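One structure below.
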Amino acid sequence: MGASLTRAAQWTTLSAGNGKLEITPLNESLLKDILHFVEQFSSRHPQEAKYVFKEPLQWSTTLVPSDFKTGYDISGPTVQSEEKDSEEHPLLQLFPPTISVQSFSQLSKLVQLANDKRLKEVRACLEENRDPIVKILGPSFATALKKVDSSVLRLVDDVTGGQQAKDSEVKAKLFFLLQHLDIQLLSSSLMKISLEVRLNPAAVKNEIELLKCFCNKGEKSVLKSVRYTSDYEFSNGCHTPPWRQVHGEICYLVIEPCDTETLYVTCSTAGVFLNGGIKQEGEEKAYEQTSEVYKDVVTLLKSRSPHFAESINKQDFAVQEELPSTQKIQHVESVDGEEQGQPQRSYEHQEKNVHERARQQHTANKPGSKKKLEPSLKWKNLGLLSPYEYVIIPLCVCYACQQSHIIKRCKTSARDMPIVDFSESSSESEEDEDQHERRPESNTDLPAEYWQIQKLVKYVKNGNQTATVDALCCMMEFNLEQETCQLAIRDVGGLEVLINLLGTEEIRCKIGSLKILRKISQNSQIRRAIADLGGLQTMVKILDSPVKDLKALAAETIANVAKFRRARRTVRQYRGIKRLVELLDCVPDSATLTPEQEKDVEVARCGALALWSLSKSTRNKEAIRKAGGIPLLARLLKSPHENMLTPVVGTLQECASEESYRIAIQSEGMIKDLVKNLSCDNPELQMHCASAIFKCAEDKLTRDLVRQYKGLQPLVSLLSKADNKQLLAATTGAIWKCSISMENVAKFEEYEALEILISLLTEQPEEVLVNVVGALGECAQVPDNKAIIRKCGGIQPLVNLLTGTNQALLVNVTKAVGACATEMESMVIIDHLDGVRLLWSLLKNPNADVQASAAWAICLCIENAKDAGEMVRSFVGGLELIVNLLKSTNKEVLASVCAAIAKIAKDEENLAIITDQGVVPMLAKLTNTTNDRLRRHLAKAIARCCMWGSNRVSFGDAGTVAPLVRYLKSKDCSVHRATAQALYQLSKDPNNCITMHENGVVKLLLGMIGSTDEILQEASAGCVRNIRLLALANDKARYG
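820 is the number that the working numbering gives to position 820 of the sequence shown; each next residue is one higher, with no gaps.
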């Protein structure tokens, strides 16, 4: 919020010193990023959030006292926070319309209270506090925040070293957090600036004059008329009044197309859009935007007027434009760089390669240089141009190569492509394939390094072998991890030269090129450019080189480039995975290595790095397995070299999402090594080991192996590193899956893991909470652990999490709450916290897993509540909601709802209510299921519902009896028990007895009367008795 507000944010300049933030997409993005930072600050950095600002942030707010809730003292129109500083001054004060805030904790609460007015509050705060860092940390820190040199560290050392007080440490941490935010905002802004279309009055005027030439041409007329709402032009070229210029608005137009209604258009610096109908200035309500923003007027007209779009695309208008000076440019479009600071725009998208831009920069400053012209894009659309674009490096350009090179920037022809399947897994994560380039708007902001690197690239192009190597070495002296340096190489055409050098026979040039490519490929734009230029194919070939340094550098560069799907697919198609796997087969297991063996280790490490990047693709995982990668990875996992272990375990944990890998990890004995590395000192390695165990521990054998190799205690020990959220997420995930086995739960009790897990229920990211709650839900299956959760205060945070929106978290929370509800004391707390009502509300959740989990939890709550019947009736619409869920198509939802209905129906009044709501025919429709889990709970629900009124008869009439008889043929004994109980209740109706007898129920029940299950015995005997009594009564009536 320091340099980003002064350099990146776009301010109006109408009133000197009192400018406002323009309403532009860039500013909106900045505001949203700052809002997100403030919203999350209290939860992520609770200690720093309490820091009291040097001076309060003050601005005019739209909030009123009624917007403030608990935690504030409200007295008439004024509001004061209950939270105060050391001098008992409130940290938030509202004296309408001015609000004053002195800590991030209050800022976080404020934006949450503002709801839909949050962005407006952030905007007002920044506009009235142009340099908020001065007020937050003081002038010295604010100055340091804008610098990137050693003075920053010295300043912090003075603060933290001179004063050992806790508040000084907090202040230093807050400084670094704000500095990190500032860097993020600047980086994000640079991206947005390159994507934004920034208009200026001159460009808009030229476009409007051009459109006027297309009006009133008889049959060829494209538009009827184009006019300004005001012909008065200010000195800056705008036609809008000053009070609208502060919003970046340039002019208002009234355009009459030939085929649609009149369009009222606003042209602003951020683009062009339709307004509410400004016919003349002063109509304030009409300035409102009513459409999306377009890059120029022509684009807007194309989207709104089919006639205009059709006419403008015809040859007449595509190849010539009649300017006011009657000068015509035929069949060409200018691709020159920038004219008078404003980028040129054509009506069709212009494609420019890197060398064209480099040549334009070189020639633009030459006196008398002519514009570079190329054929009209209309010709390209007609297919009259070559399908290839070439970048030609002449013989004199690269003496190191000793030959001329032609790099095709196109799609390889079909006959040259390897025959490999192009499809990819849809679940694979990827970066955006169509990321646009971003470049500074002017050359004045570029540092000296930018131009120095471009000079070195020219030396690489024009020098002999020695000069080329020297230039490459000089380039390595720069900080190539800095984005400016990376883009400098790209902008002058250096990428093509570097990739071209990889095809030479000169080893030194290839090594120098790969070292540079390895560093600059950290940039996402550079990665894509390397892939587009065919660099991956060349690097895959280098993997066969006998020079170990070349193989290692090529593999590591592939690891950097293969961060997006297209690159990963390219490596696989050119058989790169098999070559990379072969690199793994060269590592000795000895801890002491010769220089040659150290090179082998480095080659294998780089190969593992590349496989790690590639393993994010499902098809690549299979390719690694088929290439024999699993046993080699298992061997490397025993390596004593820690830098080797990180990529190896990273690859394994990525691949562990596939069942074949999980089986292999067990069979190859890798669980022991994963457990061993949990105790290392490398947090990243620990995280990947825990993540691998997390994915593999779905299998019982893996859970037993983790316990057998004493891996549970290291996992519990890692919970103390709560500051590392990624490590914490992986660790809690591994504990969750391991706790599925009750033997492991006993060990976790011994290591006092439950108490630590309960302490992690608050102020943690959702990915951690999902795992923590999942682990508690499994541990709560043991009765003693329910009491531990209750005594440690775990019930309230669990109930609070029921109000969340994360589906996976809700599934685990409902399971944990349901498990705790089986203990009477815990159930009292859950009921007191309104937990049952929250569970019931989750039945409305659209996610079927959440619905099912909530219904199972409700069953346990009803079973253990003191006055369950009255509690259920107190939920308005609750019974209707649960009955309607019987219409679901999800078997687990149906089973859980049937179980809940069986519990609800124990109360006679509730049974009467659900009967009136049509529960009987809905249950009857489900009886033809073959799912034993659903059969069991459906039979229980039917048995309970038979106990009201004429429900037995209704079930018989609905055809329920015959399908229930078939349930007795199931192999599940619990289905037999529930079915026998249902049949016993139904057999109290004579017609149902006849149906049962006709479907052969007696023979099935006679076999179950001898069961060791007493409930099944009694129900079967009772049903047979009722059938027999009916038969006797029938005989008596017939024969007397």
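No residue lacks a Cβ here, since even glycine has one placed at the ideal position from N, Cα and C.
Remember, predicted model here, so these are calculated numbers, not experimental data.
Please work out which residues of its chain come closer than 6 Å, Cβ to Cβ, to LEU1004, disregarding the five sequence neighbours upstream and downstream, and give them in chain order. Mapped onto the sequence shown, residue 1004 falls at position 1004. Excluding sequence neighbours, LEU1004 sits near LEU968.
Identify, in the order they occur along the chain, each residue of the same chain with its Cβ nearer than 7 Å to the Cβ of SER987, setting aside the five sequence neighbours on each side. Numbered from 1 along the sequence shown, position 987 holds the residue referred to as residue 987. Within the same chain, SER987 has close Cβ partners CYS993, MET996, CYS1023, ASN1026 and ILE1027.
State the Cα-Cα distance for the pair LEU1032 and ILE862, rounded to the nearest angstrom. The count along the sequence shown starts at 1 and reaches residue 1032 at position 1032. The count along the sequence shown starts at 1 and reaches residue 862 at position 862. If I take the Cα positions, the gap works out to 42 Å.
Name, in chain order, the residues that DSSP records as bridge partners for ASP73. In the sequence shown, counting from the first residue as 1, residue 73 sits at position 73. DSSP output for ASP73 lists GLN80 as bridge partner(s).
Can the beta-carbon of TRP736 be found closer than 8 Å to that of ASN785? On the sequence shown, position 736 is the one that residue 736 refers to. On the sequence shown, position 785 is the one that residue 785 refers to. No, these two residues do not count as a Cβ contact at 8 Å.
Any alpha helix (DSSP H) of 4 or more consecutive residues that is wholly inside the segment 925 to 975: 932 to 945, 951 to 957 and 961 to 967
Nearest CA to the CA of THR299: which residue from ARG130, VAL265, PHE748 and GLN289? Locating residue 299 in the sequence shown gives position 299, counting from the first residue. The residue with the shortest Cα to Cα distance from THR299 is VAL265.
Helix, strand or coil: how does DSSP classify THR1012 here? Counting from one through the sequence shown, the residue named residue 1012 turns up at place 1012. DSSP places THR1012 in coil when its eight states are reduced to three.
Are ARG944 and ALA905 touching if we call contact CB-CB under 8 Å? As a working note, residue 944 is residue 944 in the sequence shown. As a working note, residue 905 is residue 905 in the sequence shown. A contact, by the Cβ cut-off of 8 Å.
So, is VAL64 buried or exposed, given that buried needs 16 or more other C-beta atoms within 10 angstroms? The residue labelled residue 64 in the question sits at position 64 within the sequence shown. That one is exposed.
Check VAL547 in the structure and name its three-state DSSP category. Residue 547 sits at position 547 when you count from the first residue of the sequence shown. Correct three-state label for VAL547: coil.
Helix, strand or coil at THR979 [DSSP, three-state]: Along the sequence shown, one-based indexing puts residue 979 at 979. Helix.
Below 8 Å, how does it come out for the segment 688 to 699 and the segment 648 to 657: are there three or more Cβ pairs, yes or no? yes
Taking just the CA atoms, how far does ILE183 sit from THR702? For the purposes of this step, residue 702 is taken as the residue at position 702 of the sequence shown. For the purposes of this step, residue 183 is taken as the residue at position 183 of the sequence shown. Distance between the alpha carbons of THR702 and ILE183: 44 Å.
Beta-carbon proximity check, ILE542 vs ILE577, cutoff 8 Å: Taking the sequence shown and counting its residues from 1, one reaches residue 542 at position 542. Taking the sequence shown and counting its residues from 1, one reaches residue 577 at position 577. Against a cut-off of 8 Å, the Cβ pair of ILE577 and ILE542 comes out as no contact.
Beta-carbon proximity of GLN465 to GLU506, cut-off 8 Å: The count along the sequence shown starts at 1 and reaches residue 465 at position 465. The count along the sequence shown starts at 1 and reaches residue 506 at position 506. Closer than 8 Å, so yes.
Nearest to LEU584 by CA position, among LEU632, GLU596 and THR592, is which residue? By one-based count along the sequence shown, residue 584 stands at place 584. Out of LEU632, GLU596 and THR592, LEU632 has the C-alpha closest to the C-alpha of LEU584.
Nearest-angstrom Cα separation, counted from GLY835 out to ASP131: Here residue 131 corresponds to residue number 131 of the sequence shown, with the count starting at 1. Here residue 835 corresponds to residue number 835 of the sequence shown, with the count starting at 1. Going by the C-alpha atoms only, they are around 46 Å apart.
What are the complete beta strand (DSSP E) segments, minimum 3 residues, inside the segment 755 to 826? none
Secondary structure of SER311, DSSP reduced to three states: The sequence position of residue 311 within the sequence shown is 311, counting from 1. Of the three classes helix, strand and coil, the one that applies to SER311 here is helix, per DSSP.
In three-state DSSP terms, what is CYS738? Translated into the one-based positions of the sequence shown, residue 738 becomes position 738. DSSP places CYS738 in helix when its eight states are reduced to three.
Please return the same chain residues whose Cβ sits closer than 6 Å to the Cβ of LEU199, not counting the five positions on each side in sequence. On the sequence shown, residue 199 is found 199 positions in, with the first residue counted as 1. Answer for LEU199: THR269, listed in chain order.
Using the rule of at least 16 other Cβ atoms within 10 Å of the residue's Cβ for burial, across every protein chain shown, is LYS121 buried or exposed? Your numbering for residue 121 matches position 121 in the sequence shown. Reading off the sequence, residue 121 comes out as Glu, not Lys. By the 10 Å Cβ count, GLU121 comes out buried.
Where do the N-terminal and C-terminal ends of the beta strand (DSSP E) with TYR459 fall, by residue? By 1-based counting over the sequence shown, the position of residue 459 is 459. That residue, TYR459, is in no beta strand (DSSP E); its alpha helix (DSSP H) goes 448 to 462.
Would you check if the distance between the CB atom of ALA899 and the CB atom of CYS859 is smaller than 8 Å? Position 899 of the sequence shown holds residue 899. Position 859 of the sequence shown holds residue 859. It is a contact, given that the beta carbons lie within the stated cut-off.
Residues of its chain near ALA1021, where Cβ-Cβ distance is below 7 Å and the 5 sequence neighbours each way are ignored: Along the sequence shown, one-based indexing puts residue 1021 at 1021. Contacts found: ILE1009.
Taking the continuous alpha helix (DSSP H) assigned at SER303, which residues delimit it? By one-based count along the sequence shown, residue 303 stands at place 303. It spans 297 to 304 - the alpha helix (DSSP H) in which SER303 sits, taken as one unbroken run.
LEU60 lies in the alpha helix (DSSP H); which residues open and close that run? Locating residue 60 in the sequence shown gives position 60, where the first residue counts as 1. Per the sequence shown, residue 60 should be read as Ser rather than Leu. Segment 57 to 60 is the beta strand (DSSP E) holding SER60; no alpha helix (DSSP H) there.
Within 8 Å, strictly: CB atoms of ASN890 and ALA848: For the purposes of this step, residue 890 is taken as residue 890 along the sequence shown, with counting starting at 1. For the purposes of this step, residue 848 is taken as residue 848 along the sequence shown, with counting starting at 1. Yes; because the gap between Cβ atoms is below 8 Å, this pair is in contact.
Looking only at C-alpha atoms, which of GLY956, GLU48 and ASP681 sits nearest to ILE942? Position 942 of the sequence shown, counted from the first residue, corresponds to residue 942. Per the Cα distances, GLY956.
Please go through the same chain and pick out, in chain order, the residues whose beta-carbon is closer than 6 Å to the beta-carbon of LEU934, but skip the five residues on each side of it. Taking the first residue of the sequence shown as position 1, residue 934 is located at position 934. Counting only Cβ-Cβ distances below 6 Å, and skipping sequence neighbours, we find LYS891, LEU894 and ALA895.
Just mark LYS1074 as buried or exposed, buried being the case when its beta carbon has 16 or more other beta carbons within 10 Å. Residue 1074 lies beyond the residue range present for the chain, which begins at 1 and ends at 1040; the question has no answer from this structure.
Rounded to the nearest angstrom, what separates ALA775 and ALA471 at their Cα positions? In the sequence shown, counting from the first residue as 1, residue 775 sits at position 775. In the sequence shown, counting from the first residue as 1, residue 471 sits at position 471. Distance between the alpha carbons of ALA775 and ALA471: 58 Å.
Chain-order list of residues whose beta-carbon lies under 8 Å from that of GLU351 (same chain, five-residue window excluded): Stepping through the sequence shown from its first residue, residue 351 is reached at position 351. Bear in mind that the predicted position of GLU351 carries a pLDDT of just 35, short of 50, making it unreliable; the figure below should be weighed with that in mind. Same-chain partners within the cutoff: there are none.
Please tell me whether, using a cut-off of 7 Å, the distance from the CB of LEU843 to the nearest non-hydrogen atom of the ligand MG is below it. No copy of the ligand MG occurs in the structure displayed, which carries no ligand at all.
N-terminal and C-terminal residue of the alpha helix (DSSP H) that ARG527 is part of: Indexing the sequence shown from 1 puts residue 527 at position 527. Where ARG527 is concerned, the enclosing alpha helix (DSSP H) stretches over 524 to 532.
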